[in-house]
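Visitor: Just dropping this structure here.
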Amino acid sequence: MLLIPTLFLRHQHVVNPAPDAKSPLPTDPLALGRQWKAAGIEMLHIVDLDAGVVGSPLPNLPLITRLVTECGFHCQVMGGIRTAETAKRYFDHGVARIFLESIAYQQPTFAEDLARRFPGRIGVEIAVRHGKVAIKGWSVAPHKSATDYLQQFRASGIAAVLYADVNEHGMLAAENFQSIRAFAQQAQMPVLHHTDLETTEQLEQLIHLEKFGVMGTILGKSVYEGRFDLEAIVTLTKEQEQIAAADEDTVMPS
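Every number in the working numbering is 271 more than the matching position in the sequence shown, counting from 1.
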């Protein structure tokens, strides 16, 4: 199970979504990256806040290259990517995968064309609330389920999914873990959990879904708030993976 902290970038600096946290993190992305690497983190989820700006020169590209080459991270990026040229520039600077947001729903042919041009490197976000798919800019998509969109994206060559499923309070509950498991079993592609965790108990529950196809979890504001000690939960994850491997209930049926 990959633990994947989110790095929010604007003009080559870290944007902290929890500025009132007791222990503020460095604004220098490389300093923060080295700190996370020392804790055992292997992959970063980068939200490029400059990418969605029309005419942006994408000032974070050289920095992303350094995170790959100097820190040794696998990096995935999202943030309003709307052209194939933007995607290519990310890949040219060492990004392993990009994730599309609302444009994948609004312009499905664009997502399909991008997946064809960059096979295995394009993912999408599927967020579910109240049992329905929620899309940025829309309230919900009332006529299609997460499974419907999954089938559509899989047919178009999409290679991975960020999947978020929360209750009406924006929190994870027992029924959400059941939905995550069911979705991952249907996906036939890597699924990354995309609902920020509140407790180590939730992390333990998620680890037991790894054999069903949940390959990692994105950590967002929880890291900036100091909710988790990254080194401690990396160790916990390795220990829980061994326990989950011996648990017959988690074995994926043939």
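Even for Gly, the Cβ is constructed at its ideal location relative to N, Cα and C. A quick note: this is a predicted structure, and the numbers were derived from the prediction, not measured.
(1) Could you tell me whether the stretch 285 to 296 touches the stretch 325 to 344, where touching means 3 or more Cβ pairs closer than 8 Å?
(2) Would you tell me roughly how many angstroms separate the C-alpha atoms of Arg400 and Asp436, rounded to the nearest one?
(3) Please go through the stretch 351 to 392 and give each complete alpha helix (DSSP H) segment of 4 or more residues, from N-terminal end onward.
(4) Helix, strand or coil: how does DSSP classify Leu280 here?
(5) Would you call Arg368 buried or exposed, if buried means 16 or more other Cβ atoms sit within 10 Å of its Cβ?
(6) Across which residues does DSSP place Glu396 in a beta bridge pair?
(7) Whose C-alpha, out of Gln449, His316, Tyr434, Ile397, is nearest the C-alpha of Leu278?
(8) At which residues does the beta strand (DSSP E) containing Lys403 begin and terminate?
(9) Going by beta carbon distance, what residues of the same chain come within less than 7 Å of Ala358, once the five residues before and after it are set aside?
(10) Where in the stretch 444 to 492 do unbroken runs of the alpha helix (DSSP H), each at least 4 residues long, occur, reported from the N-terminal end onward?
(11) Look up Leu315 in the DSSP assignment and say whether it is helix, strand or coil.
(12) For the putative contact between Glu469 and Met272, defined by C-beta atoms under 8 Å, what is the C-beta separation to the nearest angstrom?
(13) What does Leu273 pair with, by DSSP beta-bridge criteria?
(14) In or out: Thr380 buried (at least 16 other Cβ within 10 Å) or exposed?
(15) Tell me which same chain residues have a C-beta within less than 7 Å of the C-beta of Glu475, skipping the five on either side of it?
(16) On the CB-based measure, 16 or more other CB atoms within 10 Å of its CB, does Gln449 come out buried or exposed?
(17) Per DSSP, what kind of secondary structure is Val324 in: helix, strand or coil?
(18) Residue range of the alpha helix (DSSP H) that Val348 falls in?
(19) Rank Ile406, Glu372, Val432, Gln377 by C-alpha distance to the C-alpha of Gly391 and give the top, closest one.
(20) Would you list the residues sitting across from Val285 in a DSSP beta bridge?
(21) Using CA atoms only, rank isn't needed, just tell me which of Val286, Tyr434, Ile393, Gln459 is closest to Tyr361.
(22) May I have the straight-line CA-CA distance separating Ala310 from Leu507, to the nearest angstrom?
(23) Which term fits Val324, buried or exposed, when burial requires 16 or more other beta carbons within 10 angstroms of its beta carbon?
(24) Mind checking whether Leu280 and Leu332 have CB atoms under 8 Å apart?
(25) In its own chain, which residues sit with a C-beta less than 6 Å from the C-beta of Tyr376, not counting the 5 before and 5 after it?
(26) Mind checking Thr340: buried by the 16 CB within 10 Å criterion, or exposed?
Guide: Based on what the coordinates show:
(1) no
(2) To locate residue 400, count along the sequence shown from 1; it is residue 129. To locate residue 436, count along the sequence shown from 1; it is residue 165. Cα to Cα, the separation comes out at about 6 Å.
(3) DSSP assignment within the stretch 351 to 392 yields the following whole alpha helix (DSSP H) runs of 4 residues or more, N-terminal first: 355 to 363, 374 to 377, 379 to 388.
(4) Locating residue 280 in the sequence shown gives position 9, counting from the first residue. Reduced to three states, the DSSP call for Leu280 is strand.
(5) Reading the sequence shown from its first residue, position 97 is the one you call residue 368. That one is buried.
(6) The residue labelled residue 396 in the question sits at position 125 within the sequence shown. For Glu396, which the question treats as bridged, DSSP gives the partners Leu433.
(7) Taking the sequence shown and counting its residues from 1, the one referred to as residue 278 is at position 7. Of Gln449, His316, Tyr434, Ile397, the residue nearest in Cα terms is His316.
(8) By 1-based counting over the sequence shown, the position of residue 403 is 132. Lys403 -> beta strand (DSSP E) spans 403 to 405.
(9) Position 87 of the sequence shown, counted from the first residue, corresponds to residue 358. Within the same chain, Ala358 has close Cβ partners Ile352, Ile369, Leu385, Phe389.
(10) 445 to 458, 471 to 478
(11) The residue labelled residue 315 in the question sits at position 44 within the sequence shown. Residue state, collapsed to three classes: strand.
(12) Along the sequence shown, read from residue 1 onward, the residue named residue 469 stands at position 198. Along the sequence shown, read from residue 1 onward, the residue named residue 272 stands at position 1. Going by Cβ atoms, the distance from Glu469 to Met272 rounds to 17 Å, so no, they are not a contact pair.
(13) Residue numbering aside, residue 273 sits at position 2 when the sequence shown is read from its first letter. DSSP output for Leu273 lists Gly487 as bridge partner(s).
(14) Within the sequence shown, the letter at position 109 stands for residue 380. Thr380 is exposed by the Cβ-count criterion.
(15) For the purposes of this step, residue 475 is taken as the residue at position 204 of the sequence shown. Excluding positions up to five away in sequence, the list reads Gln511.
(16) The residue labelled residue 449 in the question sits at position 178 within the sequence shown. Exposed, since its Cβ has fewer than 16 Cβ neighbours within 10 Å.
(17) Position 53 of the sequence shown, counted from the start, is the residue given in the question as residue 324. Coil at Val324, not helix or strand.
(18) Counting from one through the sequence shown, the residue named residue 348 turns up at place 77. Run containing Val348: none in the alpha helix (DSSP H); it sits in the beta strand (DSSP E), 345 to 349.
(19) By 1-based counting over the sequence shown, the position of residue 391 is 120. Of the listed residues, the one whose Cα sits closest to Gly391 is Val432.
(20) Here residue 285 refers to the residue found at position 14 of the sequence shown. Answer by DSSP bridge pairing, in chain order: Leu280.
(21) By one-based count along the sequence shown, residue 361 stands at place 90. It is Ile393.
(22) In the sequence shown, residue 310 corresponds to position 39, counting from 1. In the sequence shown, residue 507 corresponds to position 236, counting from 1. When rounded, the distance between both Cα atoms is 12 Å.
(23) Translated into positions along the sequence shown, residue 324 becomes position 53. So Val324 ends up on the exposed side.
(24) Here residue 280 is taken as the residue at index 9 of the sequence shown, counted from 1. Here residue 332 is taken as the residue at index 61 of the sequence shown, counted from 1. Their beta carbons are not under 8 Å apart, which means Leu280 does not touch Leu332 by this criterion.
(25) Walking along the sequence shown from the start, residue 376 turns up at place 105. Cβ within range, chain order: Ile406.
(26) For the purposes of this step, residue 340 is identified with residue 69 of the sequence shown, where counting begins at 1. Per the 10 Å Cβ criterion, exposed.
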